[in-house]
Amino acid sequence: AHIAAGHGLPVLQMGDYDQALRDELTTLHFPPERSIAALRYENYQPPLYYVTAAPVFWLAQQLGSAQPLIWLRLYDVLLGACSLLLLYACLNVAFPQAPSIALAATAFSALLPMHIAMNAAVNNDGLAELLLLAAVLTLLRWMAARFNGDAANPRLLLLLGVLLGLGLLTKIYAYALLPVCLLGVLMTEWRLALGDLGRKIGAAVQPLVTVLIPAVLLGIPLWLRNAFHYGWRDPLGLNWHDHVVVGQVTTAQWLSQNGWPAYWQRAWDFTFQSFWGVFGWLGLFVDGRIYTALLLFSTVLMVGALWIVGRTGLRWGKLSAMRQQAALLFGLMLLAVLASYALYNLKFVQ
């Protein structure tokens, strides 16, 4: 609404976070008569999603819609549907001989309650997911072409850089994928290059630079803007955000009051439950019996996943180079997700 009204990009300021109001709204499950306008602590987020959503909001207003929020939700649902198609395409490129993997993963993502809720909410996760999946698909197609014997396609690498750069303009967690994709390019060229260490490094330099240049060029305007508003040492606005969210419980505070055993129990409960479905800013849980059933289901899934990983490990030498590299890439992505989760929880209690 701020952008659609012509006020430009918002700037995070002291007073944009009200812990007491947030707790009250969460407890009351966000009654429609209560405004959330005072909660503006996401103003530091990269702006691309909000810039693309502003025309949707404006159009809804011009058409006289009494519920422009519904239009924004439908916009996010559309982004989520496109993301599912990209996820299927990614896995189909990575494992073309096993279409069941792509189908099962896409179905799981489409039916995951928390994922459905996130895709039906007004937030920047949907666009970030779409851009990052498009980036991974581009990287996988480039890898497949390279392992097929084709020359490095600079257009695919440039597209990869553009998609990563757009991701940086959409969501903070997109920064975690940039080094992962660069490592994917590096591992591919390293494996294909012949000769000594110098030749391998030389073969990887040009593709890496081709990806980095558009990504960095797209990010520079946002970093300069943030440096102007939040200080040159804070180009992402993260330090200023931590300063603004007065009252949000930090991990250190929670540990000093409750201790490590209670922390680990809470971390497990909230992580598991919020993966499957906790709504209303972690204020609305489903019935405990459903979580118990999901725990049993998760156990079966984990056993099956470990069996597949073990079976793949035993057959690693028989896999094609492309499938090996794709598996390594997905492993790096998983590590990046876990690292992002850990870094956040080192500062704040989930």
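Take 3 as the starting number for the sequence shown in the working numbering and just add one per residue. In this text, a Cβ means the ideal position worked out from N, Cα and C, and glycines have one as well. Note that the coordinates shown come from a computational prediction; the quantities given were computed from them, not determined experimentally.
(request) Give the straight-line distance between the Cα atoms of residue 12 and residue 73, rounded to the nearest whole angstrom. (result) Using only the alpha carbons, I get a separation of about 22 Å.
(request) Compare the beta carbon distance of residue 62 and residue 49 with 7 Å and say whether it is the shorter of the two. (result) With respect to the 7 Å criterion, residue 62 and residue 49 are not classified as neighbours on the basis of their beta carbons.
(message) Is the separation between the beta-carbon of residue 159 and that of residue 213 shorter than 7 Å?
(response) The beta carbons of residue 159 and residue 213 sit closer together than 7 Å.
(request) Measure the alpha-carbon distance for residue 341 versus residue 304 and round it to whole angstroms. (result) Using only the alpha carbons, I get a separation of about 20 Å.
(request) Indicate the three-state DSSP secondary structure (helix, strand or coil) for residue 332 in the structure shown. (result) DSSP places residue 332 within a helical segment (H, G or I) once states are collapsed to three.
(request) With DSSP as the reference, please indicate the residues paired to residue 280 in a beta bridge. (result) 287.
(message) Can you tell me whether residue 101 is buried or exposed? The criterion is at least 16 other CB atoms within 10 Å of its CB, across all chains shown.
(response) By the beta-carbon neighbour count (other beta carbons within 10 angstroms, threshold 16), residue 101 is exposed.
(request) Please go through the same chain and pick out, in chain order, the residues whose beta-carbon is closer than 7 Å to the beta-carbon of residue 89, but skip the five residues on each side of it. (result) Taken in chain order, the residues that qualify are 107, 108, 111, 135.
(message) Between 199, 4, 138, 155, which has its C-alpha nearest residue 181's C-alpha?
(response) The residue with the shortest Cα to Cα distance from residue 181 is 138.
(request) Identify the continuous alpha helix (DSSP H) that holds residue 4 and give its terminal residues. (result) Careful: residue 4 lies outside any alpha helix (DSSP H) and carries neither H nor E.
(message) Can you tell me where the alpha helix (DSSP H) holding residue 36 begins and where it ends?
(response) Counted as a single uninterrupted DSSP element, the stretch harbouring residue 36 is not any alpha helix (DSSP H), since DSSP gives it neither H nor E.
(request) Count the other C-beta atoms from every protein chain shown that fall within 10 angstroms of the C-beta of residue 16, then say buried if there are 16 or more, exposed otherwise. (result) Counting every other CB atom within 10 Å of its CB across the protein chains shown gives residue 16 a total below 16, marking it as exposed.
(request) Look at residue 129 and residue 162 and say whether their C-beta atoms are less than 7 Å apart. (result) Not closer than 7 Å, so no.
(message) Taking the alpha-carbon of residue 19 as reference, which of 261, 281, 249, 286 has the nearest alpha-carbon?
(response) The shortest C-alpha separation from residue 19 is found at 249.
(request) Rounded to whole angstroms, what's the CA-CA distance from residue 5 to residue 55? Just pull it up for me. (result) A direct Cα-to-Cα measurement between residue 5 and residue 55 gives close to 9 Å.
(request) Would you decide whether residue 173 is buried or exposed? Buried here means 16 or more other CB atoms lie within 10 Å of its CB. (result) It is buried - the Cβ of residue 173 has at least 16 other Cβ atoms within 10 Å.
(request) Starting from the C-beta of residue 360, find all residues in its chain whose C-beta is less than 7 Å away, skip the five residues before and the five after it, and write them out in chain order. (result) Residue 360 cannot be examined here, being either before or after the span of the chain that is shown, 3 to 352.
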